[in-house]
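Right, one structure below, let's go through it.
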């Protein structure tokens with residue numbers, strides 16, 4: 001008997017496989033070329049299309065912040081610290097800094113003066129140093145502007161030893177000028193809720209003289225008197241919000257003069 005051979009179908013099945021393999025290889029080649037020529041994503045010269053609904057972004061090459069504001073240190077007593085406790089934005093020092101475009105560094109401590117220290121009930125610290133003792137802290141802040149205000153807490157020392165107070169006024173201004181030769185200094189004389197006594201007037205004159213000697217600007221709060229009756233707080237010692245605003249406005253007449 002003669003054996004019959006059935007033709008193999010293998011060659012017919014091989015063609016689709018070859019075609020499929022070619023397609024896959026072609027797709028891979030196209031992908032590689034695309035990645036090489038331009039498929040890496042957006043670049044600085046080829047930004048991606050923006051989504052109108054997406055929030056705006058700042059370019060990495062643009063400045064990230066404005067030039068820093070001048071730093072101003074305020075050295076003073078409870079009038080500078082803000083007493084009775086008031087929102088920071090209502091203190092005269094904060095009002096001045098905001099209107100003048102300064103960054104405020106508030107170094108006010110209640111109850112203190114050029115030679116007078118205080119306690120926690122007045123300033124919040126176990127020991128509240130004098131102005132002279134706080135000069136190193138003023139210098140360490142490396143400010144562009146220094147405002148030295150007050151002195152009315154030295155009334156007892158003024159009566160007992162005026163020469164000591166005057167020497168402390170001179171030392172405060174001299175040391176700050178020596179440590180900050182290029183800083184602007186603004187001297188703000190003492191102020192009181194009651195009419196100024198002869199001792200306060202004399203202290204104000206010493207502050208003015210010290211300011212002139214070190215090339216500082218000078219602001220008087222008693223000539224003419226800045227604190228009026230309706231600006232005095234319930235304790236009859238400190239001022240209310242209107243008083244802080246009035247002090248700020250007086251200081252600003254000099255601070256904004258240049």
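Numbering (UniProt numbering), first residue to last: 1 to 258. Using N, Cα and C, we set each Cβ at its ideal position, and we do this for glycine too. Please read these numbers as outputs of a predicted model, since none were measured by experiment.
On the premise that residue j lies in contact with residue i, defined as a C-beta separation below 8 Å, what is that separation, rounded to the nearest angstrom?
| i | j | result |
| --- | --- | --- |
| residue 199 | residue 158 | 4 Å |
| residue 171 | residue 73 | Between residue 73 and residue 171 the Cβ distance is about 17 Å, and since that is not below 8 Å, they are no contact. |
| residue 248 | residue 92 | 4 Å |
| residue 185 | residue 214 | 6 Å |
| residue 130 | residue 113 | 7 Å |
| residue 204 | residue 232 | Actually they do not touch by this definition, with Cβ atoms about 19 Å apart. |
| residue 139 | residue 179 | 4 Å |
| residue 116 | residue 154 | 5 Å |
| residue 219 | residue 169 | Between residue 169 and residue 219 the Cβ distance is about 15 Å, and since that is not below 8 Å, they are no contact. |
Return helix, strand or coil for residue i, following the three-state DSSP convention.
| i | result |
| --- | --- |
| residue 173 | helix |
| residue 80 | helix |
| residue 104 | strand |
| residue 236 | coil |
| residue 148 | strand |
| residue 121 | helix |
| residue 183 | coil |
| residue 249 | helix |
| residue 139 | helix |
| residue 96 | helix |
| residue 200 | helix |
So, using beta-carbon positions, are residue i and residue j closer together than 8 Å?
| i | j | result |
| --- | --- | --- |
| residue 137 | residue 190 | no |
| residue 285 | residue 206 | Lying outside 1 to 258, the shown extent of the chain, residue 285 is not represented and no answer is given. |
| residue 144 | residue 183 | yes |
| residue 135 | residue 175 | yes |
Which same chain residues end up closer than 7 Å to residue i when comparing Cβ atoms and leaving out the 5 residues on each side of it in sequence?
| i | result |
| --- | --- |
| residue 192 | 152 and 200 |
Determine the burial state of residue i: buried for a count of at least 16 other Cβ atoms within 10 Å of its Cβ, exposed for fewer.
| i | result |
| --- | --- |
| residue 107 | buried |
| residue 177 | buried |
| residue 127 | exposed |
| residue 75 | buried |
Leaving out five residues on either side along the sequence, give the residues of the same chain with a beta carbon under 6 Å from the beta carbon of residue i.
| i | result |
| --- | --- |
| residue 89 | none |
| residue 173 | 210 and 214 |
| residue 216 | 185 and 187 |
| residue 78 | 110 |
Give a yes or no on whether 8 Å exceeds the smallest Cβ distance from residue i to chain C.
| i | result |
| --- | --- |
| residue 212 | The question asks about chain C, but that chain is absent: this structure has only one protein chain. |
Which same chain residues, not among the five before or five after residue i, have their C-beta less than 8 Å away from its C-beta?
| i | result |
| --- | --- |
| residue 71 | 102, 103, 105, 141, 142, 143, 144 and 145 |
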